[in-house]
Amino acid sequence: MPVFQIDMKLKIIKGKHPLSIHIVWLVILLSILGIYRYLPPSTCIFHRVTGYPCLSCGISRAVEALFARDFIGMLYYNPLAVLFCAGLFFFSLLKLIEFIFGFTLKLSASKKVLFFVRMSLLISVVANWLFLVVTKR
Numbered sequence: 107m108p109v110f111q112i113d114m115k116l117k118i119i120k121g122k123h124p125l126s127i128h129i130v131w132l133v134i135l136l137s138i139l140g141i142y143r144y145l146p147p148s149t150c151i152f153h154r155v156t157g158y159p160c161l162s163c164g165i166s167r168a169v170e171a172l173f174a175r176d177f178i179g180m181l182y183y184n185p186l187a188v189l190f191c192a193g194l195f196f197f198s199l200l201k202l203i204e205f206i207f208g209f210t211l212k213l214s215a216s217k218k219v220l221f222f223v224r225m226s227l228l229i230s231v232v233a234n235w236l237f238l239v240v241t242k243r
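Plus 106 on top of the position in the sequence shown (first one is 1) and you've got our numbering.
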């Protein structure tokens, strides 16, 4: 008998998604990517006031390193940005698949699994922030 069992269910709901939502999302994403390189570097208000990096400190530089295909640099600026970008990619891919095939995926999980996922996310955010504070990013 396994010690830890994951009880998750995936449900497919048939239906149509409005095309306008996906077009607006695509236009916003392409606009951000298009003008990102022309924006001046910004300063973090939290870092200025407290002297400590904020939870998301370095994510802009990490995404910039990702676009330059510098994956080691991305880890250097903010390790949590890797998870953020991977999650954003898979979410966008899932939404594209839902749009193409015309169904919705609904993921449900037990309370134990949700608690485990939430605690894992909380621990990773705290560990990332401690990494940023210790390395003085």
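Here a beta-carbon is modelled for each residue, glycine too, at the ideal position from N, C-alpha and C.
For residue 210, no alpha helix (DSSP H) segment is defined; the enclosing uninterrupted segment is the beta strand (DSSP E) at 209–215. Collapsing the DSSP output to three states places residue 174 in coil. For residue 241, the three-state secondary structure derived from DSSP is coil. Around the C-beta of residue 187, 16 or more other C-beta atoms lie within 10 Å, and the residue is accordingly described as buried. At a Cβ-Cβ threshold of 7 Å, residue 158 and residue 239 count as neighbours.
Note that the C-beta distance between residue 164 and residue 171 is not below 7 Å.
Contiguous alpha helix (DSSP H) elements confined to the segment 174–206 occur at 177–183, taking only those with 4 or more residues. For residue 168, the number of other beta carbons within 10 angstroms of its own is at least 16, and it is reported as buried. Non-local beta-carbon contacts of residue 138 in its own chain, meaning distances under 8 Å to residues more than five positions away in sequence, are absent. Residue 211 and residue 197 have their alpha carbons spaced roughly 11 Å apart.
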